[in-house]
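The structure under discussion appears below in the form of C-alpha cells.
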Amino acid sequence: MKRDPDCIFCKIVAGEVPSQKVLETDEVFAFLDIAPVKPGHVLVIPKEHFATLLEMDADLAAPLHKAVRKLAAAAMEATGAQGFNLQVNTHKAAGQLVPHVHYHIIPRHEDDGLTLWSQSPYDNEEAMQSVADKIRATINT
Numbered sequence: 277m278k279r280d281p282d283c284i285f286c287k288i289v290a291g292e293v294p295s296q297k298v299l300e301t302d303e304v305f306a307f308l309d310i311a312p313v314k315p316g317h318v319l320v321i322p323k324e325h326f327a328t329l330l331e332m333d334a335d336l337a338a339p340l341h342k343a344v345r346k347l348a349a350a351a352m353e354a355t356g357a358q359g360f361n362l363q364v365n366t367h368k369a370a371g372q373l374v375p376h377v378h379y380h381i382i383p384r385h386e387d388d389g390l391t392l393w394s395q396s397p398y399d400n401e402e403a404m405q406s407v408a409d410k411i412r413a414t415i416n417t
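Per my numbering, residue 277 is the first one in the sequence shown, and the count goes up by one each step.
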C-alpha cells in the first residue's frame, strides 16, 4: 500500500495524528473534518495514498462509493440534516488543500446560508456545444 510520509491524511490513517474516526474498512478511512463547513462534515479517503482522484486506482471507486453512501446517510441522520453535498476538490485550482484524494460529505439544512458556487452560464448554445465537443474528443483519445 502506497503511503506518503509527509501526508497528513496518511499519518491519520497510520494513527500518528489523532482524528475523530467515524468509519474504517480495509480500503477506506473516514473522519470528521477539523475545520468543518457544517457540523457533521466528514472526509472519506482511500487508505492508500493517491494525490488526486485522477491518480486513484479505479478499483477503489466501488468501496469508496459504498462508504460515502453509508456515511452520508449516517451524517444526515446524526445531524438532522435534510440533505448533503458531496464534493471532491482536485488540484489546487479547485481548492484541494491536502494532496490525498478525499471526498467531503457536508450535511445540509434548508436555509442554512451555505452557498457553494455561483453559476456562470454559457454565452450561447454554440459556446456550450464547443465545450461539449472538446470534452467528447478528449474522452475518445
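All C-beta atoms in this analysis are idealised placements derived from N, C-alpha and C, irrespective of residue type, glycine included.
Can you say whether residue i is buried or exposed, counting buried as having 16 or more other CB atoms within 10 angstroms of its CB?
| i | result |
| --- | --- |
| R412 | exposed |
| A357 | buried |
| R384 | buried |
| G371 | exposed |
| L340 | buried |
| H317 | buried |
| L319 | buried |
| A343 | buried |
With a cut-off of 8 Å on the beta carbons, I'd call residue i and residue j a contact; round off their distance for me.
| i | j | result |
| --- | --- | --- |
| L336 | E303 | 6 Å |
| A350 | F360 | So it is not a contact: roughly 10 Å between Cβ atoms. |
With a CB to CB cut of under 8 Å and the five nearest residues on each side skipped, what residues in its chain are close to residue i?
| i | result |
| --- | --- |
| V364 | L329, V377, H378, Y379 and H380 |
| P315 | T355 and P383 |
| D388 | K314 |
Give a single yes or no on whether residue i has its beta carbon closer than 7 Å to a heavy atom of the ligand HEM.
| i | result |
| --- | --- |
| D335 | Annotation note on the ligand HEM: not contained in the displayed structure, which lists no ligands. |
Residues in the same chain with beta-carbon distance under 7 Å from residue i, minus the five sequence neighbours each way, listed in chain order, please.
| i | result |
| --- | --- |
| V374 | I284 and F285 |
| V420 | Since the displayed the chain opens at 277 and closes at 417, residue 420 lies outside it and no answer follows. |
Measuring only the C-alpha atoms, how far is residue i from residue j?
| i | j | result |
| --- | --- | --- |
| T308 | H325 | Going by the sequence as given, residue 308 is Leu instead of Thr. About 19 Å. |
| E331 | A338 | 15 Å |
| T301 | A369 | 31 Å |
| R345 | T366 | 20 Å |
| D409 | N400 | 15 Å |
| A403 | P281 | 45 Å |
| S295 | T414 | 40 Å |
| Y398 | G291 | 47 Å |
If you drop the 5 nearest sequence neighbours on each side, which residues of the same chain put their C-beta closer than 6 Å to that of residue i?
| i | result |
| --- | --- |
| V293 | K287 |
| F305 | V289, I321 and K323 |
| K297 | F307 |
| R279 | C286 and H325 |
Determine, for residue i, whether the minimum Cβ-Cβ distance to residues of chain D falls below 8 Å.
| i | result |
| --- | --- |
| F307 | Within the model displayed, chain D is absent; a lone protein chain is all it includes. |
| field | beta strand (DSSP E) runs wholly inside the segment 343–414, at least 3 long, in chain order | value | Complete beta strand (DSSP E) runs here, min 3: 359–363 and 379–384.
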